[in-house]
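Enquirer:
There are 2 protein chains.
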Amino acid sequence: MTPSPEQPARPAAAEPRRRSSARSTPTIYDVARAAGVASSTVSRAFSRPDRVNAETAARIRAVAADLGYRTNPLARALPTGQTSMIALATADITNPYYFELIRGAQAAAAERGYTTLLADAQESVAIEREGLERVIPTVEGIVLASTRMSDSAIRMLAKQRPVIAVNRDISDVPNVVTDHAMSMRQAVDHLADLGHRQITYLSGPEAAWANGMRWRSLRLYAGERGIHVRRIGPYAPTAGGGARAAADFPAVRSSAVIAYNDLVAIGFMRRLISFGARIPGDVSVVGFDNIFTSALTSPELTTVAPPLRTLGSMAVHNLLALIGGASPTTVRPLALPTRIYVRASTAAPATRRRSWRDAPAPREPATTRGNRLPSSG
Amino acid sequence: MTPSPEQPARPAAAEPRRRSSARSTPTIYDVARAAGVASSTVSRAFSRPDRVNAETAARIRAVAADLGYRTNPLARALPTGQTSMIALATADITNPYYFELIRGAQAAAAERGYTTLLADAQESVAIEREGLERVIPTVEGIVLASTRMSDSAIRMLAKQRPVIAVNRDISDVPNVVTDHAMSMRQAVDHLADLGHRQITYLSGPEAAWANGMRWRSLRLYAGERGIHVRRIGPYAPTAGGGARAAADFPAVRSSAVIAYNDLVAIGFMRRLISFGARIPGDVSVVGFDNIFTSALTSPELTTVAPPLRTLGSMAVHNLLALIGGASPTTVRPLALPTRIYVRASTAAPATRRRSWRDAPAPREPATTRGNRLPSSG
DNA sequence: AACGCGGCGGCAAGCGGTTGCCATTAGTTG
DNA sequence: CAACTAATGGCAACCGCTTGCCGCCGCGTT
Numbered sequence: 001m002t003p004s005p006e007q008p009a010r011p012a013a014a015e016p017r018r019r020s021s022a023r024s025t026p027t028i029y030d031v032a033r034a035a036g037v038a039s040s041t042v043s044r045a046f047s048r049p050d051r052v053n054a055e056t057a058a059r060i061r062a063v064a065a066d067l068g069y070r071t072n073p074l075a076r077a078l079p080t081g082q083t084s085m086i087a088l089a090t091a092d093i094t095n096p097y098y099f100e101l102i103r104g105a106q107a108a109a110a111e112r113g114y115t116t117l118l119a120d121a122q123e124s125v126a127i128e129r130e131g132l133e134r135v136i137p138t139v140e141g142i143v144l145a146s147t148r149m150s151d152s153a154i155r156m157l158a159k160q161r162p163v164i165a166v167n168r169d170i171s172d173v174p175n176v177v178t179d180h181a182m183s184m185r186q187a188v189d190h191l192a193d194l195g196h197r198q199i200t201y202l203s204g205p206e207a208a209w210a211n212g213m214r215w216r217s218l219r220l221y222a223g224e225r226g227i228h229v230r231r232i233g234p235y236a237p238t239a240g241g242g243a244r245a246a247a248d249f250p251a252v253r254s255s256a257v258i259a260y261n262d263l264v265a266i267g268f269m270r271r272l273i274s275f276g277a278r279i280p281g282d283v284s285v286v287g288f289d290n291i292f293t294s295a296l297t298s299p300e301l302t303t304v305a306p307p308l309r310t311l312g313s314m315a316v317h318n319l320l321a322l323i324g325g326a327s328p329t330t331v332r333p334l335a336l337p338t339r340i341y342v343r344a345s346t347a348a349p350a351t352r353r354r355s356w357r358d359a360p361a362p363r364e365p366a367t368t369r370g371n372r373l374p375s376s377g
Numbered sequence: 001m002t003p004s005p006e007q008p009a010r011p012a013a014a015e016p017r018r019r020s021s022a023r024s025t026p027t028i029y030d031v032a033r034a035a036g037v038a039s040s041t042v043s044r045a046f047s048r049p050d051r052v053n054a055e056t057a058a059r060i061r062a063v064a065a066d067l068g069y070r071t072n073p074l075a076r077a078l079p080t081g082q083t084s085m086i087a088l089a090t091a092d093i094t095n096p097y098y099f100e101l102i103r104g105a106q107a108a109a110a111e112r113g114y115t116t117l118l119a120d121a122q123e124s125v126a127i128e129r130e131g132l133e134r135v136i137p138t139v140e141g142i143v144l145a146s147t148r149m150s151d152s153a154i155r156m157l158a159k160q161r162p163v164i165a166v167n168r169d170i171s172d173v174p175n176v177v178t179d180h181a182m183s184m185r186q187a188v189d190h191l192a193d194l195g196h197r198q199i200t201y202l203s204g205p206e207a208a209w210a211n212g213m214r215w216r217s218l219r220l221y222a223g224e225r226g227i228h229v230r231r232i233g234p235y236a237p238t239a240g241g242g243a244r245a246a247a248d249f250p251a252v253r254s255s256a257v258i259a260y261n262d263l264v265a266i267g268f269m270r271r272l273i274s275f276g277a278r279i280p281g282d283v284s285v286v287g288f289d290n291i292f293t294s295a296l297t298s299p300e301l302t303t304v305a306p307p308l309r310t311l312g313s314m315a316v317h318n319l320l321a322l323i324g325g326a327s328p329t330t331v332r333p334l335a336l337p338t339r340i341y342v343r344a345s346t347a348a349p350a351t352r353r354r355s356w357r358d359a360p361a362p363r364e365p366a367t368t369r370g371n372r373l374p375s376s377g
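Residue numbers (UniProt numbering), protein chains in the order written: chain E, 1 to 377; chain V, 1 to 377.
In structure tokens:
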């Protein structure tokens, strides 16, 4: 902006120097000058109010507000290392399962003045790693919501930043999980109360921790209630997977089905209906997760809902505790309670069906040690 | 913390000074020392490779890699103002509509080395403002995806940071939009080709820009094809809104319905079916957005899909251009083409229905615009 | 042979805050 | 009334990186 005969032709060219009280954002120095104090005092007026006289602080605040001063989080982050940001890594942001979890997490974070960085892995381990790699230097901690990473990779990560795993149990890494046992018990109880005597489980990915938990719990509680269980799968945790399950189902012929998750349940129902089956007339179906779509299907899906929101906020809450210096052992994992939403996809088994059942309440499932199944992809 | 005979009991207390080559992340100084050059040279080796001898740069890189050095984005941001972060503000992160948009945006950003900050407004103008306020100092620019903010508020925002609006037309604020006219034309053509002579539009929120566009386009194209149109509403852009529309619908009695969006269409279908109507037998339904749920309903919903992913990446692309110094007038808005997914919720009107219509014979075969189904992932 | 110049590296001054330490002042205490 | 202490504000040194400017060096010009 040297005084030249002609004005420079480009209006867009930003002025090179933004010295002092130019038009850019005011800094503590501007506030300090206007308030007649040292910049350090301004700084303290905001970050350590107890360290400065109340009146002075008030005056500074007033001046600051007047000038429209806002402390620059980046500048603050440099000397302190406190970026006030955390990362939330999800396997797939488009999975409705995460919605409420994300919300809970963001709300809890915002409440404490933290900003949430969402890292979407898009189901790719490479993308996940890259994204995480990118944000690590910026964030103070990380919430891993159903990551695809290996246990060891996660432990590695936990060395660099505080980490909380959601619904995953890794030694040395603090976590928050839903009470899978309880959720399955709710599903089983519901079906048992309706009078079902046999249940088929549509298995999800074998690698999924939750899948193992569900199946184990199902066997346990079904056993307790004298119900016969079977498992088919594994299937992809999608509507497509559920459709494939429907194709396999006729061989099983149980009156009730518990699916790995809602998507599978929905895919299963649709295909089965297209085969001419009636739901819940011929078979009752229960899903997990209560994704919002499950209330829009025909029939509406009975499902067991994890406390997603709480899960998210709890994860962040614990993460912040960790960041605050709490020892990992202090933030012990706790299993959050679930809730069953009974809708239209479940009913008492049809009487005629019961005819081809003879079972005098067997207490031991047929597929006792049957941990492995035809791996149909 | 005065030196006392006993060690303080808290082990968690981080060491106060992390001078030089402690265990923390290596800095350019560490690299400089190890490579026997000045820190400025290290800096340039990364940010301005042309400014330093190729050999030297290579050596520095090697040493840096060896030490595990990674440039700290925060520290870089301070002097340069380049945080390599942009914000993406959505009205409601749980709205499936945004999924692909978010993905497109994140992908485009990542490609250019930018990190995306997601600001979820949770449908609240207050939360939106607060969230935005929080991230403004941190980001270089903002993508506004269907914000609830007023035009003037947006213009205000645009003064502070480069802004791109998605599907919203505000003078002085560059934007990217879907071709609403085209999308409606596709819907109308499809129904007209099937032989429908009258269409009812289920109106969305009157404040929604897209709603006005849709209705106007509908009247235009329906007029061109000699089709009678009606409008009922407004309804909330949710399944609940659609259900209410179904209650109002009997009074209209047209053979085809175009809903403001998929959610409305789905809610409408479900309620109407519960009333005993058959879809598409009694009435054909077309939605907008192609949210993933629309492929899971019964019947599957025919819908017009906006190029969400492209929309997101385009928005980011333009935003980065803006950040790069392009003048707002350069990044002119462009309307992105849509695509219709013909599924099971539309069919030719029932013959008996046609009886109370007087319309001349349809002129097009049934499934003309046979865009095929998505792979329904 | 003196000079100019381009290439390359180093110096040092920031960017906007934070914070250890010191100086000043006022309030306590004996 | 002197000595001591707590409260408060200022000084200045960072945090890790960028960058304008200067200096050195070797080479091509006239």
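Beta carbons: idealized from backbone N, C-alpha and C, even for Gly.
Computed from a predicted structure; not experimentally measured.
Please list, in chain order, the residues of the region 49-75 of chain V that have any C-beta partner in chain E closer than 9 angstroms.
Expert: From the region 49-75 of chain V, only R70, T71, N72, P73, L74 and A75 have a Cβ closer than 9 angstroms to chain E.
Enquirer: For N261 (chain V), collect the residues of the same chain with a Cβ closer than 7 angstroms to its Cβ; drop the 5 residues on either side in sequence, then sort them by chain order.
Expert: Here the question's residue 261 (chain V) lines up with position 261 in the second sequence. Closer than 7 angstroms at Cβ, skipping near neighbours: G204, P237, G287, F288 and D289.
Enquirer: Could you give the residue range of the alpha helix (DSSP H) that holds S152 (chain V)?
Expert: For the purposes of this step, residue 152 (chain V) is taken as the residue at position 152 of the second sequence. Taken as a continuous stretch (DSSP letters only), the alpha helix (DSSP H) holding S152 (chain V) covers D151 to Q160.
Enquirer: Report yes or no: is there a C-beta of chain E within less than 7 angstroms of the C-beta of G324 (chain V)?
Expert: On the second sequence, position 324 is the one that residue 324 (chain V) refers to. So no, G324 (chain V) is outside the interface.
Enquirer: Can you give me the C-alpha to C-alpha distance between Y201 (chain E) and Y98 (chain V), rounded to a whole angstrom?
Expert: The residue given as residue 201 (chain E) occupies position 201 in the first sequence. The residue given as residue 98 (chain V) occupies position 98 in the second sequence. Rounded to whole angstroms, Y201 (chain E) to Y98 (chain V) spans 33 angstroms at the Cα level.
Enquirer: Could you check which residue in V:L272, V:R253, V:I102 and V:V229 has the C-alpha nearest to that of R247 (chain V)?
Expert: Residue 247 (chain V) sits at position 247 when you count from the first residue of the second sequence. Checking the sequence shown, residue 247 (chain V) turns out to be Ala, not Arg. Checking every option, the nearest Cα to that of A247 (chain V) belongs to V:L272.
Enquirer: Would you tell me roughly how many angstroms separate the C-alpha atoms of R148 (chain E) and W209 (chain E), rounded to the nearest one?
Expert: Walking along the first sequence from the start, residue 148 (chain E) turns up at place 148. Walking along the first sequence from the start, residue 209 (chain E) turns up at place 209. C-alpha separation (whole angstroms): 11 angstroms.
Enquirer: Are the beta-carbon atoms of G256 (chain E) and I199 (chain E) separated by less than 7 angstroms?
Expert: For the purposes of this step, residue 256 (chain E) is identified with residue 256 of the first sequence, where counting begins at 1. For the purposes of this step, residue 199 (chain E) is identified with residue 199 of the first sequence, where counting begins at 1. One point to set straight first is that residue 256 (chain E) is Ala, not Gly, in the sequence displayed. Cβ atoms of A256 (chain E) and I199 (chain E): closer than 7 angstroms.
Enquirer: Got a sec, what are the start and stop residues for the alpha helix (DSSP H) V42 (chain E) sits in?
Expert: In the first sequence, counting from the first residue as 1, residue 42 (chain E) sits at position 42. Note, V42 (chain E): alpha helix (DSSP H), S39 to S47.
Enquirer: Do L101 (chain V) and L308 (chain V) count as a contact pair if the criterion is CB distance below 7 angstroms?
Expert: Residue numbering aside, residue 308 (chain V) sits at position 308 when the second sequence is read from its first letter. Residue numbering aside, residue 101 (chain V) sits at position 101 when the second sequence is read from its first letter. Cβ distance < 7 angstroms, so L308 (chain V) and L101 (chain V) count as in contact.
Enquirer: Might you give, ordered along the chain, the residues of its own chain that have their beta carbon closer than 8 angstroms to the beta carbon of I266 (chain E), omitting 5 neighbours on each side?
Expert: Along the first sequence, one-based indexing puts residue 266 (chain E) at 266. Excluding positions up to five away in sequence, the list reads A239, G242, G287, T293, S294, T297 and L301.
Enquirer: Using the rule of at least 16 other Cβ atoms within 10 Å of the residue's Cβ for burial, across every protein chain shown, is N53 (chain V) buried or exposed?
Expert: Counted from its first residue, the second sequence places residue 53 (chain V) at position 53. Its Cβ having fewer than 16 others within 10 Å, N53 (chain V) is exposed.
Enquirer: Taking only the alpha-carbon atoms, compute the straight-line gap between G141 (chain V) and S171 (chain V) and give it to the nearest angstrom.
Expert: Here residue 141 (chain V) is taken as the residue at index 141 of the second sequence, counted from 1. Here residue 171 (chain V) is taken as the residue at index 171 of the second sequence, counted from 1. Spanning the two alpha carbons is a distance of roughly 18 angstroms.
Enquirer: Can you name the residues of chain V whose CB is closer than 8 angstroms to the CB of P137 (chain E)?
Expert: Counted from its first residue, the first sequence places residue 137 (chain E) at position 137. The answer, in chain order, is T25, R70, N72, P73 and L74.
Enquirer: In whole angstroms, give me the CA-to-CA distance for A277 (chain V) and P337 (chain E).
Expert: Start at 1 with the first residue of the second sequence, and residue 277 (chain V) comes out as number 277. Start at 1 with the first residue of the first sequence, and residue 337 (chain E) comes out as number 337. Taking the straight line from one Cα to the other gives about 40 angstroms.
Enquirer: Identify which residue in V:E206, V:A251, V:I227 and V:N95 has its Cα closest to the Cα of L263 (chain V).
Expert: Within the second sequence, numbered from 1, the residue matching residue 263 (chain V) stands at position 263. The shortest Cα separation from L263 (chain V) among V:E206, V:A251, V:I227 and V:N95 belongs to V:N95.
Enquirer: In chain order, what residues of the same chain have a beta carbon less than 7 angstroms from the beta carbon of P234 (chain V), not counting five sequence neighbours either side?
Expert: Residue numbering aside, residue 234 (chain V) sits at position 234 when the second sequence is read from its first letter. Excluding sequence neighbours, P234 (chain V) sits near S203, G204, P205 and E206.
Enquirer: Taking Cβ positions, are I86 (chain V) and A187 (chain V) nearer each other than 7 angstroms?
Expert: As a working mapping, residue 86 (chain V) is identified with position 86 in the second sequence. As a working mapping, residue 187 (chain V) is identified with position 187 in the second sequence. Contact: no.
Enquirer: How is the alpha helix (DSSP H) around A246 (chain V) delimited, first residue to last?
Expert: Within the second sequence, the letter at position 246 stands for residue 246 (chain V). Element bounds for A246 (chain V): A239 to D248.
Enquirer: What is the rounded straight-line gap between the Cα of I60 (chain V) and the Cα of R51 (chain V)?
Expert: On the second sequence, position 60 is the one that residue 60 (chain V) refers to. On the second sequence, position 51 is the one that residue 51 (chain V) refers to. Roughly 13 angstroms between the two C-alpha positions.
Enquirer: If Q122 (chain E) sits next to D120 (chain V), beta carbons under 8 angstroms apart, how far is it from one beta carbon to the other, in whole angstroms?
Expert: If you number the first sequence from 1, residue 122 (chain E) lands on position 122. If you number the second sequence from 1, residue 120 (chain V) lands on position 120. Not confirmed; about 19 angstroms, so no contact.
Enquirer: What in chain E is Cβ-close to T293 (chain V), meaning under 7 angstroms?
Expert: By 1-based counting over the second sequence, the position of residue 293 (chain V) is 293. Under the 7 angstroms cutoff, chain E gives T293 and L296.
Enquirer: On the CB-based measure, 16 or more other CB atoms within 10 Å of its CB, does A58 (chain V) come out buried or exposed?
Expert: Stepping through the second sequence from its first residue, residue 58 (chain V) is reached at position 58. Under this definition A58 (chain V) is an exposed residue.
Enquirer: Name the chain V residues whose beta carbon is nearer than 7 angstroms to that of L118 (chain E)?
Expert: Residue 118 (chain E) sits at position 118 when you count from the first residue of the first sequence. Ordered by position in chain V, the residues that pass the 7 angstroms Cβ test against L118 (chain E) are L118.
Enquirer: Under a CB-based cut-off of 7 angstroms, is F99 (chain V) close to chain E?
Expert: Residue numbering aside, residue 99 (chain V) sits at position 99 when the second sequence is read from its first letter. True, the Cβ-Cβ gap to chain E drops below 7 angstroms.
Enquirer: With burial defined as no fewer than 16 other Cβ atoms inside 10 Å of the residue's Cβ, what is the status of V285 (chain V): buried or exposed?
Expert: Against the second sequence, residue 285 (chain V) aligns to sequence position 285. Answer is buried; the Cβ neighbour count reaches 16.
Enquirer: Kindly indicate if chain V contains any beta-carbon less than 7 angstroms away from that of A108 (chain E).
Expert: Taking the first residue of the first sequence as position 1, residue 108 (chain E) is located at position 108. Chain V contact via Cβ: absent.
Enquirer: Could you list which residues in chain E have their beta carbon closer than 8 angstroms to that of residue 380 (chain V), in chain order?
Expert: Here chain V comprises residues numbered 1 to 377, so residue 380 (chain V) is not present and cannot be evaluated.
Enquirer: For V135 (chain E), does the three-state DSSP call read helix, strand or coil?
Expert: One-based indexing of the first sequence puts residue 135 (chain E) at position 135. DSSP places V135 (chain E) in helix when its eight states are reduced to three.
Enquirer: At least one CB of chain V closer than 7 angstroms to the CB of T115 (chain E): is that the case?
Expert: Counting from one through the first sequence, the residue named residue 115 (chain E) turns up at place 115. Output row for T115 (chain E): interface = yes.
Enquirer: According to DSSP, which residues form a beta bridge with N175 (chain E)?
Expert: Within the first sequence, residue 175 (chain E) is the residue found at index 175, counting from 1. Note: N175 (chain E) sits in a beta bridge opposite E:A165.
Enquirer: Can you name, in chain order, every residue of its own chain whose Cβ lies under 7 angstroms from the Cβ of S313 (chain V), other than the five neighbours on each side?
Expert: If you number the second sequence from 1, residue 313 (chain V) lands on position 313. Correct list, in chain order: G104, A105, A107 and A108.
Enquirer: Identify each residue in the region 83-95 of chain V for which the Cβ-Cβ distance to at least one residue of chain E is less than 7 angstroms, and report them in chain order.
Expert: Going along the region 83-95 of chain V in chain order, one finds T83, I93 and T94 with a Cβ nearer than 7 angstroms to chain E.
Enquirer: Quick one: which chain E residues come within Cβ less than 8 angstroms of L301 (chain V)?
Expert: Counted from its first residue, the second sequence places residue 301 (chain V) at position 301. Per Cβ cutoff of 8 angstroms: no residues; L301 (chain V) is ~10 angstroms from chain E at best.
Enquirer: By DSSP's criteria, Y201 (chain E) is part of a beta bridge. Which residues make up the other side?
Expert: If you number the first sequence from 1, residue 201 (chain E) lands on position 201. Paired residue(s): E:R231 and E:I258.
Enquirer: Would you tell me roughly how many angstroms separate the C-alpha atoms of L117 (chain E) and V143 (chain V), rounded to the nearest one?
Expert: Translated into positions along the first sequence, residue 117 (chain E) becomes position 117. Translated into positions along the second sequence, residue 143 (chain V) becomes position 143. So the alpha carbons of these two residues sit roughly 15 angstroms apart.
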